[in-house]
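Using full-length UniProt numbering, you'd call the opening residue of the sequence shown number 1 and step up by one each time. Here's the structure, in structure tokens; my notes come after.
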Amino acid sequence: MLCDRALLGTFVQGKEQVNKPTLTKAAQEIFGEAEYKDPRRQMSVWLLAALLLMVFATVLAATYYNNKEPGRKESQNVPVNIIEPLKTPESLHLDTLQWPADKSHHISKDMAFQSLFKQWGVSYKPEGNVNACQQAQAHSLRCLNAVGSLSNLRQLNIPVVLKLFDANGKEFYTALISLKDRIATLVVGTETKKVSVKDIESHWLGEYTLLWRTPPNFHGDIHPGDKGIAVQWLDKQLSLIQGRTTRENLIYDNELVRQVKKFQLTESLVPDGVVGTQTLIHLNTAVDSRAPMLSSRPAYDSSTLRVIDESLSRDGK
């Protein structure tokens with residue numbers, strides 16, 4: 001009874017522990033103020049209160065121990081698997097994109113084209129009267145000079161020469177031979193370097209030159225209605241990609257136009273049915289095992305091809 005009154009008083013006061021004044025007041029209320037003031041009575045009360053509090057504390061401790069969450073003790077010893085953070089270009093050892101200090105900027109263009117030609121398995125000889133694009137034609141290759149973005153280069157998926165600028169605004173050239181998600185491989189002078197894609201963007205205004213292989217007897221874009229060796233070549237390339245048989249004595253007719261548009265759509269090109277430079281470059285990388293690429297090509301998704309085929313059939317193209 002004394003403990004109950006003392007605990008009630010403690011609760012009313014908003015305290016967590018029973019103190020002496022609270023216990024004294026509880027005893028006075030239980031035993032009466034006169035009896036409580038008797039020294040012998042006080043001693044008996046205090047001994048009784050102390051004994052009751054010890055019993056009460058023991059019961060509380062036992063209740064807490066028995067009711068605590070099962071398995072909590074064991075869970076403290078379970079090892080935690082630490083997942084290592086994904087490595088970013090900043091955490092990898094990457095090279096700095098800059099022209100070698102011991103080499104002249106003037107030779108960078110010839111050195112870059114030497115590296116680009118090497119990707120095609122042919123040699124390039126710097127000569128004053130025959131430039132790189134003229135030398136490429138002797139190997140059934142053509143140049144494409146353009147301005148674009150890294151997204152364009154990913155789509156073309158073919159090595160290029162980049163025109164870059166250093167911190168002082170001096171231009172220099174490098175060969176881009178590999179392009180991953182955030183890391184690119186360049187040949188700078190005679191050194192192969194792995195650099196951050198962001199590093200390229202900070203030195204590049206978009207100018208590039210690439211090489212691509214021409215079809216046999218090539219005289220320009222292939223249009224509907226054309227016929228000859230180039231059209232036969234076109235049908236053969238598409239048959240290899242689309243898994244069908246080739247046709248003989250072929251004219252670039254409506255059926256072949258439909259197959260060309262199907263290929264253009266799968267390559268994210270404008271489906272105009274005209275086989276120009278962009279379409280020929282994509283045919284190169286899709287079929288020609290000799291053609292170098294910036295990254296491996298993903299396999300064609302059969303479901304995507306089927307949807308494109310159905311769309312072209314529905315539109316009558």
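No residue lacks a Cβ here, since even glycine has one placed at the ideal position from N, Cα and C. This structure is a prediction, so every number in the text was calculated from the model and none was measured.
CA-to-CA distance, residue j to residue i, given in whole angstroms
i	j	result
H282	E171	30 Å
S75	R182	The pLDDT assigned to S75 is 46, lower than 50, so where the model puts this residue is not dependable, and the model offers no usable value.
N129	Q135	10 Å
V161	S196	17 Å
residue 321	D235	Summary: the structure shown does not reach residue 321, with the chain confined to residues 1 through 317, and so no result is reported for it.
V270	Q155	13 Å
A230	T246	14 Å
F113	A132	7 Å
L250	L256	9 Å
L179	K198	12 Å
D253	S151	33 Å
T192	Q278	28 Å
A101	Q137	33 Å
A127	H219	Checking the sequence shown, residue 127 turns out to be Glu, not Ala. Roughly 26 Å between the two C-alpha positions.
L280	E248	21 Å
R142	R244	29 Å
K262	Q237	13 Å
Contact check, residue i vs residue j, beta carbons under 8 Å
i	j	result
T214	S140	yes
P224	G169	no
L144	W99	no
D226	G276	no
I177	Q259	no
K194	L94	yes
Among the options, the one whose alpha carbon lies nearest that of residue i
i	options	result
residue 318	D166, V274, G273 and A138	Here the chain comprises residues numbered 1 to 317, so residue 318 is not present and cannot be evaluated.
V287	E248, L265 and S239	S239
I200	T190, N249 and L153	L153
H105	D95, G189 and F113	G189
T209	V257, P159 and D95	P159
Q264	V187, D253, K103 and Q242	Q242
A291	D253, K261 and G121	G121
N217	T279, W204, T192 and Q232	Q232
residue 318	L179, P126, S149 and S115	The question about residue 318 has no answer, for the chain in this structure spans 1 to 317.
Neighbourhood of residue i by C-beta distance below 7 Å, restricted to the same chain and skipping five residues each side
i	result
A34	Any reading at A34 must be qualified, since the residue scores a pLDDT of 46, below 50, and its modelled position is unreliable; the value itself is stated next. Correct list: empty, nothing qualifies.
E207	V147 and K163
F117	S123 and Y124
N184	The residue you asked about is not Asn; residue 184 is Ala in the sequence shown. Only L176, S178, V195, V197 and I200 meet the Cβ criterion.
S149	G206
E267	H282
Neighbourhood of residue i by C-beta, 8 Å cutoff - its chain only, sequence neighbours within 5 removed
i	result
H203	L97, L164, F165 and D166
R297	N157, T285 and A286
Spatial neighbours of residue i in its chain, beta-carbon cut-off 6 Å, leaving aside the 5 residues before and after
i	result
K103	G189
Cβ pair count under 8 Å reaching 3, the stretch 171 to 180 against the stretch 103 to 116:
yes
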